[in-house]
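Asks:
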Ligand code: THU
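So this is what it looks like as structure tokens:
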């Protein structure tokens, strides 16, 4: 755990970095941590989970999002909304040495539960990070609205 004290603003940073320590990445040795903050103020963490059948690997972002959907208190058809998602990635065992932007598949999965203004925070460290909106990372996207019946 980092030395800095925990508060609401930085909790998502600490959680994403901490989640990264749990990555199961024996093939790529590239460890990713993610943390989703939902509109109702809950946090859900995830790490990448690889598989000997490589294509079955699941990214950290999707683990965090699927945990949020499955474990959140929203039930009875209420749709979870992501307020922010933070991501930290880099060679396992080292601090991130670059900005690990989400892959295309994860951008689309974020899109399902977010809108163009949702913040995506790419963390190198608690004081070195970049913030993009989903609209910047996935412009002109396809989403649930396209399937709504008139
Ligand atoms: N990875 C993620 O966890 N998130 C991404 O957005 C990109 C890639 C993981 C998958 C794999 O375990 C490792 O990073 C190398 O691709």
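In the numbering used here, the protein residues as written are 4 to 153. Idealized CB from N, CA, C, for every residue including glycine.
#1: Along the beta strand (DSSP E) that carries residue 15, what are the first and last residues, could you check?
#2: Ligand 1 and residue 39: does any heavy atom of the ligand fall closer than 7 Å to the residue's C-beta?
#3: Given that a residue counts as buried once 16 or more other Cβ atoms are within 10 Å of its Cβ, and exposed if not, what is residue 54?
#4: Below 8 Å on the Cβ atoms is my guess for residue 64 versus residue 49; work out the distance and round it to an integer in Å.
#5: Count the CB pairs spanning the region 27 to 46 and the region 136 to 148 that are closer than 8 Å, and state whether there are at least three.
#6: Alpha carbon to alpha carbon, how far is residue 96 from residue 84? Give it in angstroms, no decimals.
#7: Beta carbon of residue 35: closer than 7 Å to some heavy atom of ligand 1?
#8: CA-CA distance, residue 129 and residue 13?
#9: How big is the Cα-Cα spacing for residue 186 and residue 21?
#10: Sort out for me which residues DSSP pairs residue 122 with in a bridge.
#11: May I ask you to report which of helix, strand or coil DSSP gives residue 151?
#12: Name, in chain order, the residues that DSSP records as bridge partners for residue 27.
#13: Once the 5 residues before and after residue 66 are set aside, which same chain residues still bring their CB inside 8 Å of it?
#14: Which whole-angstrom value is the C-beta distance of residue 71 and residue 47, which I expect to be below 8 Å?
Replies: To lay it out plainly:
#1: For residue 15, there is no enclosing beta strand (DSSP E); the residue is found in the alpha helix (DSSP H) stretching over 14 to 23.
#2: no
#3: Exposed, since its Cβ has fewer than 16 Cβ neighbours within 10 Å.
#4: 7 Å
#5: no
#6: 32 Å
#7: yes
#8: 8 Å
#9: Outside the displayed range of the chain (4 to 153) lies residue 186, so it cannot be described from this structure.
#10: 87, 136
#11: Secondary structure at residue 151: coil, using DSSP grouped into helix, strand and coil.
#12: 52
#13: 37, 49, 50, 51, 52
#14: 4 Å
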